[in-house]
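Below is one structure, written out as structure tokens, with a few remarks after it.
Residue numbers (this note's numbering): 218 to 422.
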């Protein structure tokens, strides 16, 4: 294949449907932002192209024949594999939700370092077995804050007193010191998602 070639580190944020024998992926590169890639799947895949999986961090060689709209994986080296996330349904659900939110929104060049740090921090917390709903809430809040939305100045003051107290506790307390019960945590999550969907341009799904 002739065309563009790119070597980059990237996170696998989502799997996309693609025509057999290719698997599609949404990737996030700290250098290049969001990328769409296809990887040819084969039982006899060479060692230079191990199958990518959700939440992987990989060093990739990509090629494109359509000016970078779609990339093909030519070489892959798995740097971090986070298979532990898939062992819990709730953890998988919230980790996929956070990664989907990042994949669905273009990240400007000046924001890529913050998103890279967010991904590494949140995915490590999911792997460590921290409360996945709280990790998700913290991740969405941080994404919106780093994108310049006034979540602290506008969203938090707009909440009812009990909800505001719960949100502040969830956002400020370390994961292993959380005291909000499951119902309050779910309510704060719903309120944050509603704010982002209705008051910002961040797309969650």
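Even glycine gets a Cβ: it sits at the ideal position worked out from N, Cα and C.
My guess is that residue 254 and residue 290 are in contact by the Cβ rule of under 8 Å, so how many angstroms apart are they, rounded? Their Cβ separation, rounded to whole angstroms, is 6 Å, which keeps residue 254 and residue 290 in contact under 8 Å.
To the nearest angstrom, how far is it from the Cα of residue 313 to the Cα of residue 230?
-> Here the alpha carbons of residue 230 and residue 313 stand approximately 7 Å from one another.
Is it a yes or a no for the segment 266 to 277 touching the segment 292 to 301, going by three-plus beta-carbon pairs under 8 Å? By the Cβ rule, the segment 266 to 277 counts as touching the segment 292 to 301, because three or more pairs are nearer than 8 Å.
Please classify residue 384 as buried or exposed, where buried requires at least 16 other C-beta atoms within 10 Å of its C-beta. That one is buried.
- Over what stretch of residues does the alpha helix (DSSP H) that includes residue 416 continue unbroken? It spans 399 to 416 - the alpha helix (DSSP H) in which residue 416 sits, taken as one unbroken run.
query: Is residue 392 helix, strand or coil when you go by DSSP?
result: Note: residue 392 maps to helix in three-state DSSP.
Quick test of your reading: residue 423 and residue 361, contact by CB under 8 Å. State the CB separation rounded to the nearest angstrom. Outside the displayed span of the chain (218 to 422) sits residue 423, for which this structure offers no information.
Roughly how many angstroms lie between the CA atoms of residue 393 and residue 260, to the nearest whole one? In this model, residue 393 and residue 260 are separated by some 42 Å (Cα to Cα).
* To do: Look at the alpha carbon of residue 228 and the alpha carbon of residue 337, and state the distance between them as a whole number of angstroms.
  => One Cα belongs to residue 228, the other to residue 337, and the distance between them is close to 9 Å.
Starting from residue 228, follow the beta strand (DSSP E) in both directions and report where the run begins and ends. That run of the beta strand (DSSP E) goes 221 to 233.
### Message
Three Cβ pairs or more, each shorter than 8 Å: is that satisfied between the segment 320 to 331 and the segment 244 to 252?
### Response
A contact is defined here as three or more CB-CB pairs under 8 Å, and the segment 320 to 331 meets this definition with respect to the segment 244 to 252.
Go through its chain and collect everything with a Cβ distance to residue 354's Cβ below 7 Å, but skip five positions before and after it.
-> For residue 354, where only same-chain residues beyond five positions count, the Cβ hits under 7 Å are 387, 405, 406 and 409.
Notebook entry, point to check: Among 414, 315, 279 and 376, which residue has its Cα nearest to the Cα of residue 352?
Noted result: Looking at the Cα atoms, 315 is the closest of the given residues.
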